[in-house]
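Structure record follows, encoded as structure tokens.
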Amino acid sequence: MEILIDALLQGILMGLLFALVALGLNVIFGVMDIVNFAHGEFLMLGMYTAYFTSLFIGVDPLFALPVSALTGVLLGLASYYWFIKYLLRGPAIAQLFGTFGLMLFLRYLAQFLFGIDYRILQKGIIIGKSFSVGPFIFDATKLAAGALSLIAFAIVYFFLNKTKVGKALQATSLNKEAASYMGIKTDNMNALAWAIGGGTVGVAGGLLINFYYVYPTVGLLFVMIAFACVALGGFGSIKGVFFAGLLVGILEMVFPVFGQLVGSDFLGPHFKFTIVYLAYFVIVVFRPQGLFGWKN
Amino acid sequence: MEKLKDALDFSDFSSAERIGLIIFSIFLLVFPWLGAGSFVKAVMIQFLLFSLFGMGWNTIGGYGGQVELGKAQYVGIGAYTVALLMVWWGIPFWISMPIGVLIAIGYSFIIGYPLFRLKGHYFCIATICTSLVLQDIFTNWKLVGAAKGIELPIHEHPDFLYMQFKSDNYYYYFIMVLFYCALFYMNWFRKSKLGYQLRMIKDDDEAAESLGIDIRWCKIKAYSIASAFVAVGGGFMAVYNLYIDPVSVMDLDLSIKIALMAMLGGAGSLWGPIIGAAFLVPLDRFLGSWLGGHKGLIGVDFMIYAALIMVVSAYQPRGIWGIIEQFRGKGK
Chain A
281 MEILIDALLQ GILMGLLFAL VALGLNVIFG VMDIVNFAHG EFLMLGMYTA
331 YFTSLFIGVD PLFALPVSAL TGVLLGLASY YWFIKYLLRG PAIAQLFGTF
381 GLMLFLRYLA QFLFGIDYRI LQKGIIIGKS FSVGPFIFDA TKLAAGALSL
431 IAFAIVYFFL NKTKVGKALQ ATSLNKEAAS YMGIKTDNMN ALAWAIGGGT
481 VGVAGGLLIN FYYVYPTVGL LFVMIAFACV ALGGFGSIKG VFFAGLLVGI
531 LEMVFPVFGQ LVGSDFLGPH FKFTIVYLAY FVIVVFRPQG LFGWKN
Chain B
4 MEKLKDALDF SDFSSAERIG LIIFSIFLLV FPWLGAGSFV KAVMIQFLLF
54 SLFGMGWNTI GGYGGQVELG KAQYVGIGAY TVALLMVWWG IPFWISMPIG
104 VLIAIGYSFI IGYPLFRLKG HYFCIATICT SLVLQDIFTN WKLVGAAKGI
154 ELPIHEHPDF LYMQFKSDNY YYYFIMVLFY CALFYMNWFR KSKLGYQLRM
204 IKDDDEAAES LGIDIRWCKI KAYSIASAFV AVGGGFMAVY NLYIDPVSVM
254 DLDLSIKIAL MAMLGGAGSL WGPIIGAAFL VPLDRFLGSW LGGHKGLIGV
304 DFMIYAALIM VVSAYQPRGI WGIIEQFRGK GK
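As you go down the protein sequences, you meet chains A and B in turn. Numbered as in our numbering, the first sequence ends at 576 without a single skipped number. Numbered as in our numbering, the second sequence ends at 335 without a single skipped number.
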């Protein structure tokens, strides 16, 4: 029983991070109806940024967070102004392929620049530290990642719901035309969505590097998880993506433990992400609007 | 008989295209005697194989307009059926390959039925998901060799029953025959009822539905045709490479390549996938072997690939064939 509760707590911490990754994807989808396949690659580049910042400048990876956030924002804006804008003229099939191309391009750019090695940070204030509460042991890195993800998520949530610009963004995602009649410039809102998307995923990358290997193809796994979160929470729903992230995190952690308890090989840890893919498939087929979704 | 006549009838193409096809056919026929090295021959076989894949993808992706990124799972089904039946019971290629195709068709109906409740990006991501799930299963399933893959038993060369030859020429002509079967089938397909229905669905699915077309059923049919094509290619891959593992026949990269070649050449046209494969396969192989010699340049070939996808999707979503047609339109 303890092992299950432990997995549950670990799952919640990972889930908070997944929610932050999926948040950016969902903001972009909500505003522009574009699925950004390159989202995982933004995460990967955020991880590399934090990695090299802390390796070369010598600051702690936690303090490299603003740098990776900034990288994410710039990456998002650059992608929008130099590439995505041109895709909007074409049919939907071209948009899908376009972001797919962007994903491949960034991935192999990273492979070209940094090589295919798996890299992980060895030094840092919280790296390798852990503390126990009762029978449960927490890694300081994961706790920090969960807590900071929650804070970042809350900031974006507040921004979207309480500020004027955020409300304009939501108006655009509800109805582009009506919003533009109200004097909201669609182009600016699109760029803002990409900036938020890139920024949040950059932060997530900076947090993830504290306890996860970075390599050029790391993005695919996380983008698939993010897709599952977005589908589960509902395309376009900010609140939904938060709970969906938690749920996916718990699922991914509890499932292998459950398999261990039952003693079945077929429920082993190899399949923990298979479950995520299956979850996506089942959710979109049977409840396309997700748990909290309003877009069809 | 009527269908066969339709399949061999290219009269609605312009004379330039017909002459091009004849020249191309003659070239394919005499190619093995042109004295090309084994590397170039291997590239040609790859080109024909990917044209076959691309033409299959074109039914659902091009004519139907559904972005499908899970074709690798059917390559895997075709390849694994041939390999496993050969390893377990020594069943010849000519029996195991049709079985593989039948399994692929059956599986595509099972998967396709729920899948085609979805449209656009939902559909696209879901196809990736199903392919990844199957790959995960095959990577961990000890009975089918898990991540190690399967080696096919070597038979005495040349063996027509198990399709094992020392010389690439046999493989070349075999895949060429498959290629022409596919080409004639596609030529019939684009003029068939299903072909027209699919194009209507692509242009305006609501209008198609109001005319009484069963959209979902049409898409499922096209999807399973595509899967059958790809499974044939997968079976060929198994006997050609004599070794398969989940990465070589089921990887997402393979799905992307298949869709990309058709997209780049021009989705929804008969020549598109062939042009795309003729462009990308040599690029891939020559660039790969050239860059492989330079240690610092890992990944540059895929960067060029990706840049191509980006440029094409931003400026001419109809691909190379779209550019050609654009120029011809101006010439008139």
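Heads up, the beta-carbon is just placed ideally off N, CA and C, and yes, glycines get one too.
Residue range 466 to 488 is occupied by the alpha helix (DSSP H) that includes ASP467/A. Scanning its chain for C-beta atoms nearer than 7 Å, with the 5 sequence neighbours on each side dropped, one finds around PHE433/A the residues ALA299, LEU300, LEU303 and PHE522, in chain order.
Around CYS509/A, the same chain offers PHE298, ALA299, ALA302, VAL521, ALA524, GLY525 and VAL528 as residues with beta carbons nearer than 7 Å, after the five sequence neighbours per side are excluded. By the 16-neighbour rule on beta-carbons within 10 angstroms, HIS319/A is buried. Chain-order list of chain A residues neighbouring THR133/B: PHE561, by C-beta distance under 7 Å.
Rounded to the nearest whole angstrom, the CA to CA distance from ASN61/B to HIS124/B is 18 Å. Annotation: Cβ neighbours of PRO117/B in chain A (cutoff 7 Å, chain order): VAL565.
Contact of TYR360/A with chain B by beta-carbon distance below 8 Å is absent, the smallest such distance being about 13 Å. For TYR246/B, the secondary structure class from DSSP, reduced to helix, strand or coil, is strand.
Chain B places a beta carbon closer than 7 Å to that of ALA374/A, counting this residue as a contact.
Just measuring C-alpha positions, the residue of TYR188/B, LEU257/B and PHE177/B sitting nearest LYS6/B is TYR188/B. Under the Cβ criterion (8 Å, minimum of three pairs), the segment 262 to 281 of chain B does not count as touching the segment 31 to 39 of chain B. Annotated three-state conformation of ILE216/B is coil, per DSSP. If you draw a straight line from the Cα of PHE16/B to the Cα of GLU71/B, it is about 28 Å long. Counting only Cβ-Cβ distances below 9 Å, LEU355/A has no contacts in chain B at all, with the closest Cβ about 15 Å away. ILE417/A is bridged by DSSP to SER412/A. Between PHE298/A and chain B, the shortest Cβ-Cβ separation is not below 7 Å. With its beta carbon less than 7 Å from one in chain B, VAL315/A belongs to the interface. Among the CB atoms of chain A, none fall inside 7 Å of the CB of LEU105/B. Nearest CB-CB separation between PHE502/A and chain B: not below the 7 Å threshold. Just measuring C-alpha positions, the residue of LEU263/B, LEU257/B and SER99/B sitting nearest GLN138/B is LEU257/B.
In this structure, the alpha-carbon of VAL252/B lies about 11 Å from that of ASN244/B. Membership of ILE292/A in the alpha helix (DSSP H) is indicated by the continuous run 282 to 312. Within chain A, the residues VAL564, VAL565 and PRO568 have their CB atoms less than 9 Å from the CB of LEU121/B, given in chain order. By the rule that beta-carbons nearer than 7 Å mark a contact, TYR557/A touches chain B. Taking a beta-carbon distance threshold of 7 Å, THR480/A does not count as an interface residue toward chain B. Distance check between LYS409/A and each of LEU386/A, ALA451/A, LEU345/A and LEU423/A places LEU423/A closest, using alpha-carbon atoms only. Listed by position along chain A, the residues whose Cβ is nearer than 7 Å to that of TYR125/B are VAL564 and PRO568.
The count of Cβ pairs closer than 8 Å, one atom from the segment 228 to 237 of chain B and one from the segment 74 to 84 of chain B, reaches three, so the stretches are in contact. Taken in chain order, the complete alpha helix (DSSP H) segments of 4 residues or longer contained in the segment 310 to 340 of chain A are 319 to 332.
Think of a sphere of 8 Å around the beta carbon of THR554/A: the chain B residues whose beta carbon falls inside it are LEU135, VAL136, ASP139 and ILE140, in chain order. Residues of the segment 258 to 276 of chain B whose Cβ lies closer than 9 Å to any Cβ of chain A, in chain order: ILE259, ALA262, LEU263, MET266 and ALA270. In chain order, ALA229, PHE232 and VAL233 place their CB closer than 6 Å to the CB of GLY59/B, counting only its own chain and leaving out the 5 sequence neighbours on each side. Of all residues in the segment 339 to 355 of chain A, none places a beta-carbon less than 8 Å from a beta-carbon of chain B. Ranked by Cα distance from VAL303/B, the first of LEU288/A, PHE332/A and ALA390/A is ALA390/A.
According to DSSP, residue pairing for ILE153/B in a beta bridge involves ILE247/B.
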